[in-house]
Ligand SMILES: Cc1ncc(C[n+]2csc(CCOP(=O)(O)OP(=O)(O)O)c2C)c(N)n1
Ligand SMILES: Cc1ncc(C[n+]2csc(CCOP(=O)(O)OP(=O)(O)O)c2C)c(N)n1
Ligand code: SF4
Ligand code: SF4
Ligand code: SF4
Ligand code: SF4
Ligand code: SF4
Ligand code: SF4
Ligand SMILES: [Mg+2]
Ligand SMILES: [Mg+2]
């Protein structure tokens, strides 16, 4: 099919519809408004549910409800709105429900700003809610990838019975690129949702959706069951891309928009005879630690590039384990780094003038 | 002065009053209810403010308000309630306001259970809200320490103009121990709160309390200013205790109640001729990385013990940097490990039978 | 002869005594001589014959402890 | 002679034309020949003599652009 | 040197928490280290509850008592739960009004006190816990009855002051039941 | 081979976003890679805005354009902001109705178009952006006017269809202004 | 001899679990009414109940229909989320006064404003039962709770919210009634109201809320019967029983 | 000759910042009234204003008193937090209909229920202005917004909330009035209401809320004057002006 030029937010919305979205519940916040706006029009046309909730808190709890009833359901928001959803998210994870959450990140903390940012890395990968849980979190770098991953994310959520977070920055939400909506994406092997409390009890026992376990033994077992899922994610479902690694003397680690800008940076560096690779985490949780085992001997330095103050650095260091020096370059507050800034940084490191 | 036997929650409440608490805003949640209950009676007697807010969200925003007006203010809650406060917390950090938050942790995720837990380590140390910010986070292991740290925490919050989190588990909230309330605690060098928007504008320019910076350059500068504070915390204000390190062959890393139980475990081990040390983080943010430079040569293994599924392990690994094997033992869901479980674990590691 | 009777599911009873206040013929009391499996002093009737099967006790019991049956005269 | 006058803080004006509708003597319009420092077409009066100093324009202006003065006959 | 670890367990409403707290208050009064901590069953209402009390000249470390020196058992489920943990030669003090015909380990010292009936005879079923506490004090000698009564006098003021007397009798009756 | 990076900047309301989008739509139509992205000033309302458009046969990497091949400048502040970034020998296309008497670098190619007045003459000040776009197409030859008009025809349907003609004239007028 | 007719027995709408409530707590009576209503209207198989956070948090075990446990105060949002994808299911929330009137007032009002076709069972016992007896928005002036130890002081703690009155003003709400379960007669009336609410939902006529005046003997410090009497003497005068809104009967 | 008397000039209560609102947006008029009222009552120096999240988020720069910016919907909680520690300060919140009626309805209701001695300036423009024109709880049935592109459909999107009417039912509220700024006469009336609210607060008589019918020319897609006229023709009939509650005058 021909490619369609669409705004990121609208493309993500359409991708969800293509994935069989039954219901969308959200609350307006810049820079993701085109997403609910698009769905407010399209969902009713498809006979599906759209509700502009009274708040992010209500929206995520509507998601929890619909997910418990077995529906494919999504919400979207941006950074402070995601902060408000933390209790809801830990509930969804605790009750083992599938749902997709899109976070179009903006600058923080607090009200912050409305320009692109990646400053929710901690909020996303460490879980801002209480308890031992994680969100399977995908960070696409282009609209095509965003669309493909969103289409797949509903399967992933159903497979793990766990919320999936799509983490993009405002740049991806606002930009336009041609997208092929019909591209095949992996289909996961899904079981029917016999666990759903869907009000259709005629031929089965009642179903209960719940995250409360007053008996500590039960809660411990429940936690261990959840842990097994997170272990499976880590062991089998890391995603990443290794770019230009052959003979690289330095490797950039960057996700989302910053990885894309880094692609331009390594072109610039190539012109100057510097071989720079990129490890691009596609899952930011589980963090793609395997990638770090594949780093070739030639590499002497790692540079983490983010639109935040270095939130991913710890994860990189954890898996580099002191084998290589890990440097950081970041811009914050809505400032998007240019390729030249990144390549300059690489040159400093390679040339040894980096402090 | 004579020691007073009090329930942890009440002792923490009284400590805050002793520190000059002007206002408490909170919402009931088990297992910390005695704290607001105590203050509901005591604060009015001292002519200070107590409001049972309509929700955790309202409570933290009341805290934000009073802190902006220059008051010493506190809230307390437990895990899911803290999840609800995340937006408020990132606002307080973003607007650079001092406030004290007590989290009496219970099992999660979601509604979880009401028994003791340390499963909010990520939520506390990584910030559940959006943006690049941190809470200075203290994890006392006894009531005396809780009282001393709370008394000091208001100074710390004022000094950094940053929220301080007191992280205890339900055990500390519920237990009784004799406490000396008059013990001297360090006094910090504090400047008058000339920045406060306190409605007393006669002889000065207007004051503004705010976390919104629409211009990305301004927001970047603001973020860098915040970062300088976090760097200062890390460089100068780590707190920890090193216990029985001399000739230790293995070191337990544990905070709060688990460190206390580990103290008994090392006594048991001593009886069997095993020398086991403890690194006890008192600040969990900033993580006391310096402690790991002081580990003696004799140590061959590290065992992290938590009432969660290993949330602090990454921090330990980051600072052990592969020099020593890092093991983990944890109980979750409200189960408090016994000293014997911990000592058994140590023995397995020391004996090499640990998988 | 009794017009009705009640059947008490003793182990569900919490001995709250609420039902007792609503019996129009005052035949209910707690059996202080025993405790049920969950430690409560359960309900008993002290004069079965007086029961009119009105159901008030059962309606007011929060724990669905009481079943009430009414004897219906056969039309002969 | 004019009973009053208005002073327009041209650079604050956003050219919204709201004030114009409320002038009872219809002497306000936008000055289409110019733009102010922020790119807006600002307000102007086209017949100063008619101003009665009623203040309606100023009251309705969202941006506090207009100062209104009234001339008061001296009691002589 | 004191180092006494006690677990007190029973139904909610039997006053087990208060028994433990009184011991901790008595310790604090004498400037002895102590730690009390409660534990409730998973039932929201009713169900069983217990508390752990450590009284020691040394600093108290683990609040959790793995191997109690003494257990005070106020109902059946509590016996099942705590008897296995009792240290060898430890004291197992049982409210035999509610816990009857049980099997006991033979390496422990079991004392049965018909606490409910003793309390009823004293005129208030609620003081069964104080009967047990009296027995406990008599057996362990951690504190004197007067020391505990002193605490009660501080707690029970105003309209509650009249309760002190019956509590005194209860402590005595408990002592007599085991000596 | 096409690889054209353009930044279009002006006041909100001058239609800079649409200009850029039209280019990206035209590229998509021809299956050429493209990326459009908007950037708004810190002012909530009013103020300046710009968009970056990359059109390329190759995969587009960085959405951010550090060194544009062409800049279209619709107001003064935008010139100050983007002139320094323009590549050596790049095209600087200026709406001279609003941007007058400025200093220009001497290593770039400056084209001035009196777009507002041309648009007013055409009967609608709003098509000033299309005048500029006509000039841009004439200078860069990235697309033909017809290709752009084809996009407009798809977008302007129904009541808006009548706007197509004036847009066509505007494109032409822009071309004539620079050739 | 005579035939035997069962006048009353435990409803099929309830599971075999023992209720977790304190002895004599009228939460249990309200549970029976919900269960009986659903059974008598033959709606049980297609019902999804939403447990909230309060003493009734565990009632997902007590009803024999599908159940989902909601975060504190959010049950109406959860109900909305479900109802929009399961239009034929019967959805009720079961919420206390802390849950609905305090933390969850926004979700309740907005569910009503949207005219969600759901039923809220609102249990007003003028206190936070579960957490040990703190003040609720519906605690009476002067009432003693653990956070109003000298009695609720309207000066600093405000005046109680009257939820039925408030919800009746929401244009989207269809049916709002306040009932009580303090004697068999009122239990009957309460059940009638509840059945009407479920019928309105079944017939897709919109949002209903039934407020139950309930007791908390433990935290009020009373016997169960004493608590019922206190409710009659104190709560009902402040919270008058009756229909506050019934669009199906033109009562607005 | 004649003397010159200044009939109108920019209030001292406003700073020199240019307001960030779109041309002709009546947010600006309301700002003037707040500033003028505080100056005329000589309260400015002890006032703390709470900016909320909406087009007015930046108004901490516009008023010349102390200001604090609050999270979306939470301004009444922030105000409460401050007022309880600064009893003599005059506290107002400035909130839009998205902010107060949607995400923040709980905080508004509970501040009123507690009888907090604060003043809420509530700006109802029937839309989310700041975020580009989404439906608000006060959007009229049939009104087109970016999330009700075929007009608000009461079937799925519910009926508008009437905030003054709702707040008037809260027992703790002292004074609630709805005003408009569509012509000089109404501007005068609005200012009178606002001054009364601040006087009530100054005299420690409790909670007041003044609802302003306002415009959003940009998102309504109208000229500023067209928007004012639309408000008169459509909003005011749905949201009648007047005093909804005034405990000081016995109007309840
Ligand atoms: C987010 C959150 N806040 C607080 C709590 C603690 N909590 C549990 S129940 C409850 C109040 C219950 O009161 P109510 O709704 O009146 O129900 P009742 O117990 O009286 O039936 C509270 C505050 C919680 N579990 N979650
Ligand atoms: C937690 C959170 N949710 C959402 C937003 C996005 N947001 C900003 S303003 C606004 C709505 C403003 O509408 P209203 O209150 O009516 O004010 P107006 O702009 O119309 O004056 C929203 C939803 C936010 N900043 N924070
Ligand atoms: S059925 Fe009626 S008469 Fe019989 S015991 Fe019950 S209340 Fe009494
Ligand atoms: S039967 Fe029911 S009402 Fe009667 S005492 Fe037992 S639990 Fe209470
Ligand atoms: S003061 Fe009155 S007459 Fe004069 S310009 Fe203004 S509105 Fe017109
Ligand atoms: S003076 Fe004020 S009302 Fe008149 S056009 Fe200018 S900004 Fe608008
Ligand atoms: S605490 Fe109160 S409301 Fe809760 S179950 Fe017990 S009596 Fe009922
Ligand atoms: S968007 Fe609407 S409400 Fe906001 S400033 Fe513009 S016109 Fe006013
Ligand atoms: Mg209640
Ligand atoms: Mg609005």
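Residue numbers (the numbering used here), protein chains in the order written: chain S, 1 to 355; chain E, 1001 to 1355; chain X, 2001 to 2076; chain G, 3001 to 3076; chain W, 4001 to 4179; chain Y, 5001 to 5179; chain Z, 6001 to 6252; chain C, 7001 to 7252.
Yeah, the Cβ is synthetic: ideal placement off N, Cα and C, and Gly gets one too.
In this text, all values refer to a predicted model and were calculated from it rather than measured experimentally.
Quick one: what does DSSP say residue i is sitting in, helix, strand or coil?
i	result
residue 5049 of chain Y	strand
residue 327 of chain S	strand
residue 192 of chain S	coil
residue 1158 of chain E	helix
residue 355 of chain S	Confidence at residue 355 of chain S is low in this model, with a pLDDT of 42, below 50, so its placement is unreliable and no value can be given for it.
residue 6143 of chain Z	coil
residue 1025 of chain E	strand
Show which residues of chain D have a CB atom less than 7 Å away from the CB atom of residue i.
i	result
residue 7 of chain S	Structure shown: chain D not included; protein chains present are S, E, X, G, W, Y, Z and C.
Can you name the residues of chain E whose CB is closer than 9 Å to the CB of residue i?
i	result
residue 7067 of chain C	1197, 1206, 1207, 1208, 1209 and 1210
residue 7047 of chain C	1199 and 1201
Since residue i meets chain E, which of its residues come closer than 8 Å, beta carbon to beta carbon?
i	result
residue 7064 of chain C	1206
For a contact meaning CB atoms closer than 9 Å, what does residue i contact in chain Y?
i	result
residue 3 of chain S	5028 and 5031
Which residues in chain E have a C-beta closer than 7 Å to the C-beta of residue i? List them in chain order.
i	result
residue 6147 of chain Z	1036, 1037, 1040 and 1052
Check: What residues in the segment 7095–7121 of chain C have a beta carbon less than 7 Å from any beta carbon of chain E?
Finding: When CB distances to chain E are screened at a threshold of 7 Å, the residues of the segment 7095–7121 of chain C falling below it are 7106, 7107 and 7110, in chain order.
Note to self: Using 8 Å as the cut-off, can you tell me whether the segment 5005–5012 of chain Y makes contact with the segment 149–165 of chain S, which would need three or more C-beta pairs spanning the two stretches below that distance?
What the structure shows: no
Next item on the list: Kindly confirm or deny that the segment 1334–1348 of chain E and the segment 1130–1140 of chain E touch, where touching means at least three C-beta pairs closer than 8 Å.
Entry: no
Next item on the list: Determine which residues of the segment 201–233 of chain S have a Cβ less than 8 Å from any Cβ of chain Z, and write them out in chain order.
Entry: 201, 202, 206, 207, 208, 209, 210, 211, 212 and 214
Margin query: Counting only Cβ-Cβ distances shorter than 7 Å, please list the residues of the segment 115–144 of chain S near chain E, keeping chain order.
Written below: 115, 119, 120, 122, 123, 126, 127, 128, 129, 130, 131, 132 and 133
Next item on the list: Quick one: which residues of the segment 1078–1109 of chain E get their C-beta closer than 7 Å to a C-beta of chain S? List them in chain order.
Entry: 1079, 1080, 1082, 1083, 1084, 1086, 1087, 1090, 1091, 1093, 1094, 1095, 1107, 1108 and 1109
Check: Is there contact here, the segment 6101–6112 of chain Z with the segment 56–63 of chain S, by at least three beta-carbon pairs under 8 Å?
Finding: yes
Next item on the list: Tell me, please, whether the segment 1049–1057 of chain E touches the segment 1101–1108 of chain E by the rule of three or more beta-carbon pairs shorter than 8 Å.
Entry: no
Next item on the list: Please specify which runs of the alpha helix (DSSP H), each continuous and at least 4 residues long, are wholly inside the segment 1273–1320 of chain E, giving them in chain order.
Entry: 1313–1320
Check: Of the residues that make up the segment 3044–3063 of chain G, which ones have a beta carbon closer than 9 Å to any beta carbon in chain C?
Finding: 3053, 3054, 3055, 3056, 3057, 3058, 3059, 3060, 3061, 3062 and 3063
Item checked: Ranges of the alpha helix (DSSP H) found wholly within the segment 7147–7200 of chain C, counting only runs of at least 4 -> Annotation note: the segment 7147–7200 of chain C contains the following uninterrupted alpha helix (DSSP H) runs of length 4 or greater, listed N- to C-terminal: 7154–7157 and 7163–7168.
Notebook entry, point to check: Closer than 9 Å, Cβ to any Cβ of chain E: which residues of the segment 4023–4041 of chain W, in chain order?
Noted result: 4024, 4025, 4027, 4028, 4029, 4031, 4032, 4033, 4034, 4035, 4036, 4037, 4038, 4039 and 4040
Next item on the list: Evaluate contact between the segment 1167–1184 of chain E and the segment 4028–4037 of chain W, counting only Cβ atoms and requiring at least three cross-stretch pairs below 8 Å.
Entry: yes
Note to self: Ignoring anything shorter than 4 residues, give me the alpha helix (DSSP H) runs that lie fully in the segment 2038–2073 of chain X, in order along the chain.
What the structure shows: 2056–2060
Check: Given 8 Å as the limit, is there contact between the segment 6214–6223 of chain Z and the segment 6009–6029 of chain Z, that is, 3 or more CB pairs closer than that?
Finding: Contact check between the segment 6214–6223 of chain Z and the segment 6009–6029 of chain Z: three or more CB pairs, one atom from each, fall below 8 Å, which counts as touching.
Checklist line | Segments assigned beta strand (DSSP E), at least 3 residues, entirely inside the segment 6088–6138 of chain Z | finding: 6090–6096 and 6119–6124
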